[in-house]
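Have a look at the structure below, then the notes.
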Amino acid sequence: MKRKSEYKLCNWCLERQCIKNHPLQKIVEDCKICHGIWNQLDKACNKIIQATKDYQYDSFLIGLTLDHSFYDNEDRFRSRFRIRGKENIKTSLLREIRKKFGNISNKKFNLNYPDITINIQIGKKLETIVSVNSSTVVLRGRYKKVKRFQINTKNTDNNNSLEVNQRHIEKILKKELLSRFDSDSIVFRPLGKEEPESLVLGNGRPFYVSIKNSKIISFKHDFSIQSKGMIFEINEKVRALPISSPGYVKKVETIVSFQENLRASDLKEINDSGIRIIEFVNRRSKNWKFIYHIEFKFKTQKKLQFTIICDNGLPIRKFIEGNENISPNLEQILNRKCKCDRFDILDIMNEDDLVN
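Residue numbers (the numbering used here): 2 to 357.
Quick look at the structure:
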């Protein structure tokens, strides 16, 4: 039966087994546990540097996969000499790789929210493969639309018109971000929608954008993008998309046409309404939005300009034109047929700002 001293072990493996009074040996490849894997530390770190050189990041996480033979070698040795409670070869090697790469790259190790995740695979013959995955970048910002889109939506209903507008905005933003972030996947998520002909002014509409597989994960400054009548202000990187949509209030200006001449007395219900609760129903759920304030002025006897302050998400055209799924709507309130000629978003505010 072999004694401990008769096993050929490199100094690194000797130290990990906490074996005392064992003569140090110049053993590398012949080590019965690691076969010289410790000597591959610099090689592995150099491969990581090459794999990450095109990434702009601040923090990293490294994972390691070893061929099962390394565990088998160590388990046999420890079982033979009843060595228990010591770190295994993977844990020890991974800690050293993380430490060495952190010193070389001057980047921070982050276990929970790393900018990039580096995966190292070391085979039985010490062949080493390195792969890198970047975390999804989630940005928060606002966009303004200072030019009306000339998109043919005559044969589409209101819902499709909103979707057409959103896809058009998404296409503009994606084109700019794809080259800026060297990414192959971008998902645009605006908080609310408007029609192609609608302007979005004031502070703009809040939105989130998720950027996957990006080479640029960290950036230090806000930036803006201007293209085709759109202004995108990217002002913050956040950890993740919100679970539920934050509360916003919008100020809308709309031109409404009527079939009959109107007098100021016909609009008494608007002046005396106070805060209204608007209920709208879709296939899956019932929802409620608040209208906080409505004011109007005559453009002609058959055409009025309304300024409405309401919860973000209230469908303006449906509210005005008397969609059967919304109650009360403007047609019901005034008892007159209404037509929304157009509407613009003057501003979108945080609910807290409105209270203050």
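In this text, a Cβ means the ideal position worked out from N, Cα and C, and glycines have one as well.
Collapsed DSSP secondary structure at residue i in the structure displayed
i: His69; result: helix
i: Glu280; result: strand
i: Gly103; result: helix
i: Asp345; result: strand
i: Gln254; result: In the sequence as presented, Gln is not what sits at residue 254; that position holds Glu. Strand at Glu254.
i: Thr129; result: strand
i: Lys172; result: helix
i: Cys339; result: strand
i: Met2; result: For Met2, the pLDDT reaches just 40, beneath the cut-off of 50, and the residue's location in the model is therefore unreliable, although a value from the coordinates is still provided. Reduced to three states, the DSSP call for Met2 is coil.
i: Leu305; result: strand
i: Ser215; result: coil
i: Ile1; result: No statement about residue 1 is possible, as the shown extent of the chain runs from 2 to 357 and does not include it.
i: Ser184; result: coil
i: Phe150; result: coil
i: Phe82; result: coil
i: Ser135; result: strand
i: Lys238; result: strand
i: Lys300; result: strand
i: Asn89; result: coil
Residue from the options with nearest C-alpha to residue i
i: Arg337; options: Leu263, Tyr293, Met231 and Gly275; result: Leu263
i: Ile349; options: Leu200, Ile98, Arg99 and Tyr72; result: Leu200
i: Thr308; options: Leu331, Gln302, Gly193 and Tyr114; result: Leu331
i: Glu296; options: Ile256, Thr66, Ile170 and Lys9; result: Ile256
i: Asn288; options: Glu270, Ile321 and Pro329; result: Pro329
i: Gly103; options: Asp68, Leu62 and Asn74; result: Leu62
i: Arg343; options: Ile327, Phe320, Asn351 and Leu335; result: Phe320
i: Gly193; options: Thr129, Gln167 and Gly124; result: Gln167
i: Ser136; options: Asp223, Glu88, Asn153 and Ser186; result: Ser186
i: Thr92; options: Ser80, Asp76 and Leu65; result: Leu65
i: Gln227; options: Ile173, Ile84 and Leu242; result: Ile173
i: Pro243; options: Glu270, Tyr209 and Lys216; result: Tyr209
i: Ile212; options: Glu196, Leu179, Arg77 and Ile327; result: Leu179
i: Arg240; options: Val165, Gly230, Asp116 and Gln122; result: Asp116
i: Phe218; options: Pro197, Lys229 and Ser184; result: Position check: residue 218 holds Ile in this sequence, whereas Phe was assumed. Measuring from the Cα of Ile218, the nearest candidate turns out to be Ser184.
i: Lys340; options: Asn326, Arg318, Asn351 and Ile334; result: Arg318
i: Arg77; options: Asp223, Asn134 and Cys35; result: Cys35
i: Cys14; options: Lys109, Asn134, Val188 and Arg79; result: Arg79
Bridge-paired residues (DSSP) for residue i
i: Tyr144; result: Arg206 and Phe233
i: His364; result: No information on residue 364 is available, as it lies outside the stretch 2 to 357 that the chain covers here.
i: Arg190; result: Tyr209
i: Gly64; result: Asn120
i: Val165; result: Answer is none; Val165 lacks a bridge partner.
i: Gln227; result: Ile232
i: Gln57; result: Ile217
i: Lys109; result: Ser60
i: Phe259; result: Cys339
Local Cβ density within 10 Å of residue i, reported as buried at 16 or more and exposed below that
i: Ala265; result: exposed
i: Ile346; result: buried
i: Leu112; result: exposed
i: Pro316; result: buried
i: Arg206; result: buried
i: Ile279; result: buried
i: Lys303; result: exposed
i: Asp55; result: exposed
i: Cys19; result: exposed
i: Glu195; result: buried
i: Gln170; result: Residue 170 is actually Ile in this sequence, not Gln. The residue is buried, with at least 16 neighbouring Cβ atoms inside 10 Å.
Any C-beta of chain B under 8 Å from that of residue i
i: Lys213; result: Within the model displayed, chain B is absent; a lone protein chain is all it includes.
Residue i beta carbon near the ligand FMN (any heavy atom closer than 7 Å)
i: Leu163; result: No copy of the ligand FMN appears in this structure; indeed no ligand is present at all.
### Message
Whether or not the stretch 306 to 321 and the stretch 247 to 267 are in contact is what I'm after, with contact meaning three or more pairs of Cβ atoms, one per stretch, closer than 8 Å; do they touch?
### Response
The stretch 247 to 267 is in contact with the stretch 306 to 321.
### Message
Using a Cβ distance threshold of 8 Å, determine whether the stretch 140 to 154 contacts the stretch 224 to 236, with at least three qualifying pairs required.
### Response
With a cut-off of 8 Å, the stretch 224 to 236 and the stretch 140 to 154 count as touching, because enough Cβ pairs lie within range.
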